[in-house]
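These notes concern the structure reproduced below.
There are 2 protein chains.
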Amino acid sequence: MKRHQITIMDIARELQISKSTVSRALTGHPSVKSETRKAVLELAHREEYQKNLLSLGLVKQSSKTIGIIVPEIIGSYFPIAISGAQEVAKKEGYHLIISYSDEDYQMEVDNTKIMMANRVDGLIVSITRQTKDFDHFSAFKRKGIPVVFFNRVCDQLDAPCVIVDDYDGAFKIVEHLISSGRKRIAHISGPDHLLISNKRKEGYKAALRKYDIAHEDELIRTSDLTMHQIAKILDELLSLASPPDALFAVNDPTAIEVIQLLKSKGIRIPEDVAVAGFSNNSMSQYIDPPLTTVNQPVKKMGQVAAEMLVQQIRNESLAWKPFVQVLNTELIVRHSG
Amino acid sequence: MKRHQITIMDIARELQISKSTVSRALTGHPSVKSETRKAVLELAHREEYQKNLLSLGLVKQSSKTIGIIVPEIIGSYFPIAISGAQEVAKKEGYHLIISYSDEDYQMEVDNTKIMMANRVDGLIVSITRQTKDFDHFSAFKRKGIPVVFFNRVCDQLDAPCVIVDDYDGAFKIVEHLISSGRKRIAHISGPDHLLISNKRKEGYKAALRKYDIAHEDELIRTSDLTMHQIAKILDELLSLASPPDALFAVNDPTAIEVIQLLKSKGIRIPEDVAVAGFSNNSMSQYIDPPLTTVNQPVKKMGQVAAEMLVQQIRNESLAWKPFVQVLNTELIVRHSG
DNA sequence: CTGTTAGCGCCTTCAA
DNA sequence: TTGAAGGCGCTAACAG
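Chain order of the listed sequences is A and B. For the first sequence, the residue numbers in numbering that gives the first Met the number 0 are 0 to 336. For the second sequence, the residue numbers in numbering that gives the first Met the number 0 are 0 to 336.
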């Protein structure tokens with residue numbers, strides 16, 4: 000059974016011509032007698048010849064592959080971003096190696112190594128929540144391999160990246176809550192070392208400031224976003240002397256978790272407490288009540304990241320030149336707040 | 000800036016020893032003087048040496064890579080299956096190249112070609128809804144490259160595959176509807192050429208039969224599962240002389256769509272019409288009312304598929320031997336039915 | 001314990 | 001229009 004894959008050599012032998020001629024015919028080089036070319040192409044097709052991309056990569060010193068590393072592959076965010084990246088990668092003649100780190104720092108490091116070992120021409124990355132050390136990425140810089148970060152980016156490396164305006168998105172949603180009459184707006188924030196958590200928190204504070212509402216520390220809670228912690232934080236918030244009348248969570252899954260918990264306690268949304276999230280997950284429109292949130296142009300982010308990367312691959316003087324692409328968010332008002 | 004990646008040759012030159020010795024030290028071969036080995040390892044580490052997997056694959060005739068092709072990457076099903084496959088692939092020393100066909104036949108064909116060109120050691124596949132011709136897969140068979148299908152499998156190829164017991168799952172959920180007093184249970188089925196649609200439809204019919212309920216053709220509707228068609232079918236069903244009091248949809252997204260439509264018409268669920276789905280998507284528990292459905296061991300499917308594939312890669316006599324792994328489903332009763 | 005040689009499949013000079 | 005030779009980075013076989 001076990002048969003080998005056909006090679007150029009095989010075709011050459013079969014047709015009694017030199018390997019170079021076969022190669023030329025296959026790569027569409029003009030200087031090949033047309034009948035020779037026809038014979039080669041015909042045989043290649045019949046035998047289902049497939050160029051060996053491994054050896055091609057070896058000799059061309061370019062695998063025509065771009066790697067993408069995401070912290071998670073479940074949920075509605077990253078798959079969509081990936082599909083955006085996939086789209087442009089394909090159009091530009093690259094294919095994607097997708098890998099995910101499962102929010103685990105060590106796995107992220109391993110993944111970068113694998114990508115490097117596979118000689119990807121470039122890398123698109125969204126880091127894990129754990130990642131605080133970026134040496135595995137600077138290794139790419141040292142070797143001149145371009146990397147583009149998106150969504151979760153690292154500030155210490157000033158690499159090219161594409162992000163949404165988290166500050167502005169948070170500002171808009173808090174402003175909305177205020178304008179619908181909320182006075183005590185609590186905020187559940189993400190880990191402090193994540194840029195996007197901070198940006199959103201800043202946007203939140205800025206909105207309060209604009210409307211002369213003093214921000215109170217007891218209403219701002221930092222969380223690792225585990226269900227357990229969210230429940231704990233929510234309980235603390237509710238048992239405050241003067242509990243919040245609105246709650247802005249750093250992302251939709253957290254907001255959804257909050258809604259479930261609130262409902263189970265018999266607290267009405269949005270009458271008693273308004274709830275808002277961030278990122279417009281696919282679930283958000285189906286939950287009851289539908290979640291007010293901020294929409295991100297997720298697919299676009301993937302596309303832009305891939306476009307930037309391809310540019311850098313083609314023109315190495317662009318690689319690792321700090322360049323931040325900021326995309327806009329859009330407020331989506333539903334019934335939860 | 001642009002610096003080359005370090006090679007074995009480089010460190011051989013640097014250390015004034017032969018390439019083979021370096022190679023041996025790097026691959027942990029015993030017969031290397033320990034101080035030589037130390038020197039090599041130390042230098043390799045310092046210079047961030049990464050074996051070139053392209054050339055390794057070339058010489059070993061195995062890329063240590065397994066490809067996975069799924070019809071879509073958005074939604075909760077495939078990402079979870081992928082994570083399962085990823086897990087065991089990694090454990091077994093393989094890495095995954097993930098690609099998705101976006102439910103497009105031609106893209107699936109292209110993807111298989113790319114996989115083959117990249118010399119994957121094996122392939123895990125779930126086909127698109129469009130796929131009716133399987134020659135791009137038999138090409139793998141001809142070349143002796145193992146393929147394992149999962150979820151959406153092809154019956155014409157009798158290849159190894161892992162599926163859930165769709166028949167039994169549908170049977171269980173319809174039986175549940177009957178035992179809760181429903182008499183006229185409609186079914187929205189998927190495309191007829193998809194095995195899983197048929198299996199579920201058969202399970203549905205069998206359950207009716209068991210309880211001596213005649214199945215009526217007007218209650219069974221085949222659909223391409225576009226939102227538009229679902230709405231149309233639902234309208235027809237509702238305007239029947241004697242409309243259904245329960246509706247079993249071939250999958251959760253369809254059931255969720257139905258719930259939204261029903262609610263918008265002011266029809267109460269489950270009082271007026273019970274709704275049930277299949278596959279327990281992540282949204283299903285959040286929708287109002289929470290969806291009664293059948294849970295599939297999705298992650299397990301990914302794991303099992305990968306395990307079967309690795310086995311076949313290791314022992315080529317197993318490759319393409321028809322072997323069907325059937326996993327069990329679990330009834331999940333929520334409020335919708 | 002170490003070095004030499006050959007070759008994986010392909011492309012790219014250079015020469016005919 | 002074609003062929004021969006060399007090399008991409010690595011391992012394997014065969015000597016020392």
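From the three backbone atoms N, C-alpha and C, an ideal C-beta is built for every residue, glycine too.
For L239 (chain B), count the other beta carbons within 10 Å of its own beta carbon; 16 or more makes it buried, fewer makes it exposed. Which is it?
Counting Cβ neighbours within 10 Å, L239 (chain B) comes out exposed, since fewer than 16 surround it.
What are the residues in the segment 245–258 of chain A lying within 8 Å of chain B by C-beta distance?
Answer set for the segment 245–258 of chain A: I255.
Just how far apart, CA to CA, sit A138 (chain A) and G92 (chain B)?
Looking at the two C-alpha atoms, the distance is approximately 23 Å.
Taking its Cβ as the centre, do 16 or more other Cβ atoms sit within 10 Å of P321 (chain B), making it buried, or is it exposed?
With fewer than 16 Cβ atoms within 10 Å of its Cβ, P321 (chain B) is classed as exposed.
Between G336 (chain B) and V293 (chain B), is the Cβ-Cβ spacing less than 7 Å?
No, these two residues do not count as a Cβ contact at 7 Å.
Within the chosen definition, does the segment 152–161 of chain B reach the segment 178–189 of chain B through at least 3 CB pairs nearer than 8 Å?
The segment 152–161 of chain B is not in contact with the segment 178–189 of chain B.
For a contact defined as C-beta to C-beta under 7 Å, what are the partners of D287 (chain B) on chain A?
Correct list: D287.
How close, in whole Å, do the beta carbons of S283 (chain B) and L290 (chain B) come, if the pair is a contact with beta carbons under 8 Å?
About 4 Å separates the two Cβ atoms, so the contact holds.
Closer than 8 Å between beta carbons: that is the criterion. Which residues of the segment 72–95 of chain A meet it against chain B?
Hits within the stretch, in order: I72, I73, G74, S75, P78, I79, I81, S82, Q85, H94 and L95.
Assuming R151 (chain A) and P190 (chain A) are in contact, meaning their beta carbons sit under 8 Å apart, how far apart are those beta carbons, in whole angstroms?
Incorrect: roughly 11 Å between the Cβ atoms, too far for contact.
Between the segment 100–116 of chain A and the segment 45–59 of chain B, are three or more C-beta pairs nearer than 8 Å?
Yes, the segment 100–116 of chain A is in contact with the segment 45–59 of chain B.
Taking Cβ to Cβ, would you say N110 (chain A) is nearer than 7 Å to S98 (chain A)?
In this structure, S98 (chain A) lies closer than 7 Å to N110 (chain A) by Cβ.
Measuring CB to CB, does R181 (chain B) end up less than 7 Å from A248 (chain B)?
Taking 7 Å as the Cβ cut-off, R181 (chain B) and A248 (chain B) do not qualify as a contacting pair.
What does K112 (chain A) reach in chain B if we use C-beta pairs closer than 9 Å?
Per Cβ cutoff of 9 Å: Q49.
For A43 (chain A) versus L14 (chain A), is the C-beta distance shorter than 7 Å?
Not closer than 7 Å, so no.
Between the segment 58–65 of chain A and the segment 68–77 of chain B, are three or more C-beta pairs nearer than 8 Å?
Judged by Cβ distances under 8 Å, the segment 58–65 of chain A makes no contact with the segment 68–77 of chain B, as fewer than three pairs qualify.
On the DSSP bridge list, what partners appear for C153 (chain A)?
Paired residue(s): none; C153 (chain A) is not in a bridge.
Which same chain residues, not among the five before or five after H175 (chain A), have their C-beta less than 7 Å away from its C-beta?
Excluding residues within five positions, the ones whose Cβ falls inside 7 Å are L330 and V332.
So, at 6 Å on beta carbons, what are the nonlocal neighbours of Q311 (chain A) in its own chain, with the 5 sequence-adjacent residues on each side left out?
Excluding positions up to five away in sequence, the list reads P145, L317 and A318.
Does the CB of S238 (chain B) have a neighbour CB from chain A at under 7 Å?
Not an interface residue.
Which of helix, strand or coil does DSSP assign to R36 (chain A)?
Residue state, collapsed to three classes: helix.
Applying a beta-carbon distance threshold of less than 8 Å, which residues of chain A neighbour E158 (chain B)?
Looking at the sequence itself, residue 158 (chain B) is Ala, so the reference to Glu does not match. Here the premise fails: no neighbours, minimum Cβ distance about 14 Å.
For K209 (chain B), count neighbouring Cβ atoms within 10 angstroms of its own Cβ and tell me buried if that reaches 16, exposed if not.
Exposed, by the Cβ-count rule.
Using a Cβ-Cβ distance under 7 Å, would K142 (chain B) count as near chain A?
So, interface residue.
Could you pull out every residue in the same chain whose Cβ sits closer than 7 Å to the Cβ of R2 (chain A), ignoring the five residues on either side in sequence?
Interpretation of R2 (chain A) is limited by its pLDDT of 49, a score under 50 that renders its predicted location unreliable; the figure taken from the coordinates is listed afterwards. Cβ neighbours of R2 (chain A) beyond the five flanking positions: none.
From B:D134, B:I123 and B:D167, pick the residue whose C-alpha is nearest to that of M300 (chain B); which is it?
Measuring from the Cα of M300 (chain B), the nearest candidate turns out to be B:I123.
When you compare the CB of M8 (chain B) with every CB in chain A, is at least one pair closer than 7 Å?
Closer than 7 Å: no.
What does A305 (chain A) reach in chain B if we use C-beta pairs closer than 7 Å?
Those within 7 Å of A305 (chain A) in chain B number zero; the least Cβ separation is about 15 Å.
If you drop the 5 nearest sequence neighbours on each side, which residues of the same chain put their C-beta closer than 8 Å to that of S82 (chain A)?
Closer than 8 Å at Cβ, skipping near neighbours: K298 and G301.
Using 10 angstroms around the beta-carbon of V31 (chain A), count the other beta-carbons present and answer buried if the total reaches 16, otherwise exposed.
So V31 (chain A) ends up on the buried side.
Among the residues of its own chain, which have a CB less than 7 Å from the CB of G143 (chain A), if the five just before and after it don't count?
E315 and A318.
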